[in-house]
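Peer 1: When the letters of the sequence shown are read in order and numbered with the working numbering, they come out as residues 112 to 551. Encoded as C-alpha cells, here's the structure I'll be asking about.
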Amino acid sequence: MMNETSISDPAPSDCSTIIPPQGLSPQRKRRTLLWWLLFFLVGGGGYYYYYFYYVLSSSANVPSAVKSKQMMGGGRSRIPPVTVAAATTADIVLYLDGLGTVTALNTVAVRTRVDGQLIKVLFREGQMIKAGDALAEIDARPFQVQLNQAEAQLARDEALLQNAEVDLTRYRGLYKEDSIAKQQLDTQAALVRQYQATLKVDQSQIDSARLQLFYCHITAPISGRVGLRQVDSGNLVHAGDQNGLVVITQLQPIAVVFPLPEDRLPMLMKPLRAGVALPVEAWSRDGSTRLAEGTLLTVDNQIDLSTGTVKLKAQFSNQDEALFPNQFITVRLRLDTLRGATTLPTTAIQRGTQGTFVYLLREDQSVTVRPVRLGPSEGGRVAVEEGIRPGDRVVVDGLDKLREGMRVELATGDTGPVPPSTARPEGRTRKGEGQRHNSQ
112 MMNETSISDP APSDCSTIIP PQGLSPQRKR RTLLWWLLFF LVGGGGYYYY YFYYVLSSSA
172 NVPSAVKSKQ MMGGGRSRIP PVTVAAATTA DIVLYLDGLG TVTALNTVAV RTRVDGQLIK
232 VLFREGQMIK AGDALAEIDA RPFQVQLNQA EAQLARDEAL LQNAEVDLTR YRGLYKEDSI
292 AKQQLDTQAA LVRQYQATLK VDQSQIDSAR LQLFYCHITA PISGRVGLRQ VDSGNLVHAG
352 DQNGLVVITQ LQPIAVVFPL PEDRLPMLMK PLRAGVALPV EAWSRDGSTR LAEGTLLTVD
412 NQIDLSTGTV KLKAQFSNQD EALFPNQFIT VRLRLDTLRG ATTLPTTAIQ RGTQGTFVYL
472 LREDQSVTVR PVRLGPSEGG RVAVEEGIRP GDRVVVDGLD KLREGMRVEL ATGDTGPVPP
532 STARPEGRTR KGEGQRHNSQ
C-alpha cells in the first residue's frame with residue numbers, strides 16, 4: 112500500500128515581482144476604433160435626417176414673403192414697395208422696321224469725250240450745282256483747226272460742183288444739137304452727183320469738228336453735289352480714263368433701300384394694290400433721332416433666296432440734306448393704326464417659361480401672375496390682345512422680388528392709374544423699338 116503523498120501548490124511569489132500589462136492589444140485597439148467610427152456615422156446620419164427633413168421642410172412651408180422679411184430685419188415683416196400703372200385704351204400705330212441704306216437716285220461720273228489738255232476747272236469740291244452748269248474746259252485749238260480745214264474743203268468742193276453743173280447744162284444743149292455723144296452727157300451728170308455727195312461728206316466733217324469743240328466745254332448732266340476732283344488743271348485727259356474728272360450725286364430727292372422679311376409681304380402688298388401711299392420715316396441708326404419723312408416708292412420683283420427678304424425703295428425730298436448716300440439708317444414703314452387697343456407700359460411685361468405675363472394688383476393689395484398675349488408696341492407702350500382689361504393695375508417697378516399672392520404696398524407718390532403716353536417726343540424713341548413689328 113502506497114503512502115498518499117499530498118502535493119501542495121507552489122507558493123505564490125512576491126507581488127512586487129508581478130509585471131503589469133504595457134497597453135491594449137492591437138485587436139482591442141482596432142475594435143475600439145471601429146466602435147467610435149460607427150458612433151460618428153450613426154450620429155451624423157441622424158443629424159442629417161433631422162436637419163434636412165424637419166428643419167428645412169418646415170421652413171419651406173413658410174411663405175416666401177415672410178421668409179424674406181424675417182431675413183431682412185431680424186424677424187420683423189416688411190412689405191415690398193412697388194410702382195403700378197393702369198391699363199388704358201389708346202391707338203397703336205403698326206410699323207414695319209428695317210435697316211436701310213441711303214441711295215442716290217442718280218449718280219454720274221463726269222468724263223471727257225475728247226482727248227486734250229485740261230485748262231480750266233470751274234467747280235468747287237462739294238459744290239451744289241444744277242444741270243447745265245459749266246464744270247471744266249479742254250484746250251479747243253486743235254479742234255478749231257480741224258473745223259477750219261473741214262470748212263475749206265467744203266468751199267473747194269462747192270466750187271467744183273458749180274463748175275460741173277455748168278458743164279452739164281452745156282452738154283445737154285450740145286446733145287440736143289447732136290454735137291456730142293450720149294456717153295459724154297451721162298459722164299458729166301455722174302460727176303455732178305459725185306460732187307454733191309462730196310459736199311455732204313464735207314458738211315459732216317464740219318459738224319464733227321463743231322461737236323468736238325462743244326465737248327471741250329464740259330457741263331453738268333444732272334443736278335446734285337460735286338465730289339472730290341479727280342484730276343487737276345494742266346493734265347492731259349482722255350476719253351478712256353477710268354476715274355473721270357469728278358462724280359456728281361443727286362441728293363434731292365434721295366432714295367433709301369431696305370429689306371423686310373418675306374412673311375411681311377402680304378400685309379404690305381394689300382395697301383399698295385389699293386393705291387395707298389405708305390409713309391416711311393428715316394431714323395438714325397441707333398433709333399434716337401428722326402431724320403426725314405417720305406413715301407414708299409416700290410417693292411422689288413423677287414425675294415432674295417439667301418436671306419428670305421424682299422427689298423423696298425422709299426423716296427425722301429431731303430431738302431435739309433439730312434440723308435447722305437451710302438448712309439445706314441433705321442427705316443420705319445407705317446402700315447396702319449390699331450384703334451382702341453388696351454395698352455400697358457412695356458416695363459410691366461415679364462417673360463418666363465410659361466410665356467409673357469404681368470403682375471396684376473388685386474384689391475387686397477396682393478399681386479397675382481396674369482398671362483397676357485401681346486400685340487404691337489409704340490412709344491413705350493404695348494398693346495395687350497388678351498389677359499388684361501382697361502383699368503387693371505399692373506406692377507411696373509419692384510418686380511424682382513414678387514411672388515404669387517404676395518402682399519405689396521404702393522411706393523411713395525404712386526397714385527395708381529397713370530394716363531397713357533402714346534405720343535413719342537419729337538426726334539426721340541426708345542431703344543429696341545426696331546423690333547416692335549415682331550410682336551404683331
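Cβ coordinates follow ideal geometry from the N, Cα and C atoms, glycine included.
Among 468, 485 and 503, whose alpha-carbon lies nearest the alpha-carbon of residue 514?
Peer 2: Here residue 514 is taken as the residue at index 403 of the sequence shown, counted from 1. Closest option to residue 514, Cα to Cα, is 468.
Peer 1: In whole angstroms, give me the CA-to-CA distance for residue 256 and residue 324.
Peer 2: As a working mapping, residue 256 is identified with position 145 in the sequence shown. As a working mapping, residue 324 is identified with position 213 in the sequence shown. Their backbone Cα atoms lie some 10 Å apart in a straight line.
Peer 1: Skipping 5 residues on each side, what residues in its chain have a beta carbon closer than 6 Å to that of residue 507?
Peer 2: Residue 507 sits at position 396 when you count from the first residue of the sequence shown. So the qualifying residues of the chain are 194, 196, 456, 458 and 459.
Peer 1: Measure the CB-CB distance between residue 446 and residue 380 and report whether it falls below 8 Å.
Peer 2: Position 335 of the sequence shown, counting from 1, holds the residue named residue 446. Position 269 of the sequence shown, counting from 1, holds the residue named residue 380. Contact flag unset, no.
Peer 1: Is the number of C-beta pairs between the stretch 250-270 and the stretch 293-312 that are closer than 8 Å three or more?
Peer 2: At 8 Å Cβ cutoff, the stretches touch.
Peer 1: So, helix, strand or coil for residue 153, using DSSP?
Peer 2: Translated into positions along the sequence shown, residue 153 becomes position 42. Residue state, collapsed to three classes: helix.
Peer 1: Taking C-alpha atoms, which residue in 412, 299 and 242 lies nearest to residue 274?
Peer 2: On the sequence shown, position 163 is the one that residue 274 refers to. When each option's Cα is compared against that of residue 274, the closest is 299.
Peer 1: Going by CA-CA distance only, name the one from 280, 376, 355 and 423 that's closest to residue 210.
Peer 2: Numbered from its first residue, the sequence shown carries residue 210 at position 99. Minimum Cα distance to residue 210 is reached at 423.
Peer 1: Does the separation of the CB atoms of residue 484 and residue 201 fall below 8 Å?
Peer 2: To locate residue 484, count along the sequence shown from 1; it is residue 373. To locate residue 201, count along the sequence shown from 1; it is residue 90. No, these two residues do not count as a Cβ contact at 8 Å.
Peer 1: Going by DSSP in three states, residue 263 sits in which element: helix, strand or coil?
Peer 2: As a first step, residue 263 must be located in the sequence shown, where it is residue number 152. In the structure shown, residue 263 sits in a helix (DSSP, three-state: H, G or I).
Peer 1: Could you give the C-beta distance for residue 340 and residue 225, rounded to a whole number, given that I count them as a contact under 8 Å?
Peer 2: Position 229 of the sequence shown, counted from the first residue, corresponds to residue 340. Position 114 of the sequence shown, counted from the first residue, corresponds to residue 225. Not a contact, Cβ separation roughly 19 Å.
Peer 1: Determine the contact status of residue 227 and residue 330, defining contact as a CB-CB distance below 8 Å.
Peer 2: For the purposes of this step, residue 227 is taken as the residue at position 116 of the sequence shown. For the purposes of this step, residue 330 is taken as the residue at position 219 of the sequence shown. Not closer than 8 Å, so no.
Peer 1: Which residue comes first and which comes last in the beta strand (DSSP E) that contains residue 400?
Peer 2: Taking the first residue of the sequence shown as 1, we reach residue 400 at position 289. Residue 400 -> no beta strand (DSSP E), and no H or E assigned at all.
Peer 1: Using only the alpha-carbon positions, how far apart do residue 403 and residue 444 sit?
Peer 2: As a working note, residue 403 is residue 292 in the sequence shown. As a working note, residue 444 is residue 333 in the sequence shown. Between residue 403 and residue 444, the C-alpha separation is close to 12 Å.
Peer 1: Bridge partners for residue 460 per DSSP, in chain order?
Peer 2: Locating residue 460 in the sequence shown gives position 349, where the first residue counts as 1. Bridge partners of residue 460: none, in fact.
Peer 1: How big is the Cα-Cα spacing for residue 136 and residue 145?
Peer 2: Taking the first residue of the sequence shown as 1, we reach residue 136 at position 25. Taking the first residue of the sequence shown as 1, we reach residue 145 at position 34. When rounded, the distance between both Cα atoms is 15 Å.
Peer 1: How far does the beta strand (DSSP E) with residue 468 in it reach, from first residue to last?
Peer 2: For the purposes of this step, residue 468 is taken as the residue at position 357 of the sequence shown. Segment 466-472, the beta strand (DSSP E) holding residue 468.
Peer 1: So, do the stretch 486-504 and the stretch 447-454 have three or more beta carbon pairs nearer to each other than 8 Å?
Peer 2: Touching, yes, given that three or more Cβ pairs across the two stretches are closer than 8 Å.
Peer 1: State the Cα-Cα distance for the pair residue 411 and residue 421, rounded to the nearest angstrom.
Peer 2: What you label residue 411 is simply residue 300 of the sequence shown in a count that begins at 1. What you label residue 421 is simply residue 310 of the sequence shown in a count that begins at 1. Roughly 6 Å separates the two Cα atoms.
Peer 1: Kindly indicate which residue of 282, 240, 427 and 417 has the alpha-carbon position closest to the one of residue 333.
Peer 2: Taking the first residue of the sequence shown as position 1, residue 333 is located at position 222. Ranking 282, 240, 427 and 417 by Cα distance to residue 333 puts 240 first.
Peer 1: Are there three or more Cβ pairs, one per stretch, closer than 8 Å when the stretch 474-482 is compared with the stretch 428-437?
Peer 2: Cβ pair count under 8 Å is below three, so no.
Peer 1: Starting from residue 369, trace the beta strand (DSSP E) in both directions and tell me its first and last residue.
Peer 2: Locating residue 369 in the sequence shown gives position 258, counting from the first residue. Counting along the chain, the beta strand (DSSP E) containing residue 369 begins and ends at 365-372.
Peer 1: Between residue 205 and chain C, is the shortest Cβ-Cβ distance under 8 Å, so that the two count as touching?
Peer 2: No chain C is part of this structure, which consists of one protein chain only.
Peer 1: Determine the closest residue to residue 509 out of 366, 407, 502 and 522, with distance taken between C-alpha atoms.
Peer 2: Your numbering for residue 509 matches position 398 in the sequence shown. When each option's Cα is compared against that of residue 509, the closest is 522.
Peer 1: Cα separation between residue 287 and residue 301?
Peer 2: In the sequence shown, the residue the question calls residue 287 occupies position 176. In the sequence shown, the residue the question calls residue 301 occupies position 190. So the two alpha carbons sit approximately 19 Å from each other.
Peer 1: Just checking, does the stretch 354-365 make contact with the stretch 387-397 on the three C-beta pairs under 8 Å criterion?
Peer 2: Counting Cβ pairs under 8 Å, fewer than three are found: no touch.
Peer 1: Could you check which residue in 374, 431, 348 and 442 has the C-alpha nearest to that of residue 392?
Peer 2: Position 281 of the sequence shown, counting from 1, holds the residue named residue 392. Closest by alpha carbon: 442.
Peer 1: Below 8 Å between beta carbons: does that hold for residue 282 and residue 294?
Peer 2: Indexing the sequence shown from 1 puts residue 282 at position 171. Indexing the sequence shown from 1 puts residue 294 at position 183. Cβ distance not < 8 Å, so residue 282 and residue 294 don't count as in contact.
Peer 1: Restricting to Cα atoms, I'd like to know which of 479, 291, 500 and 490 is closest to residue 519.
Peer 2: As a working mapping, residue 519 is identified with position 408 in the sequence shown. Checking every option, the nearest Cα to that of residue 519 belongs to 479.
Peer 1: Relative to the C-alpha of residue 413, which residue among 371, 204 and 313 is closest?
Peer 2: For the purposes of this step, residue 413 is identified with residue 302 of the sequence shown, where counting begins at 1. Residue 371 is the option with its Cα nearest to residue 413.
Peer 1: Do you know how far the Cα of residue 314 is from the Cα of residue 376?
Peer 2: Here the question's residue 376 lines up with position 265 in the sequence shown. Here the question's residue 314 lines up with position 203 in the sequence shown. Their backbone Cα atoms lie some 59 Å apart in a straight line.
Peer 1: Taking the C-alpha atoms as reference points, what is the distance between residue 382 and residue 462?
Peer 2: In the sequence shown, counting from the first residue as 1, residue 382 sits at position 271. In the sequence shown, counting from the first residue as 1, residue 462 sits at position 351. When rounded, the distance between both Cα atoms is 34 Å.
Peer 1: For residue 499, which three-state DSSP category applies?
Peer 2: Counting from one through the sequence shown, the residue named residue 499 turns up at place 388. Residue 499: coil per DSSP, three-state reduction.
Peer 1: Below 8 Å CB to CB, which residues in the same chain sit around residue 327 once its five sequence neighbours on both sides are set aside?
Peer 2: Residue 327 sits at position 216 when you count from the first residue of the sequence shown. Here the set comprises 225, 227, 248, 249, 250, 251 and 254.
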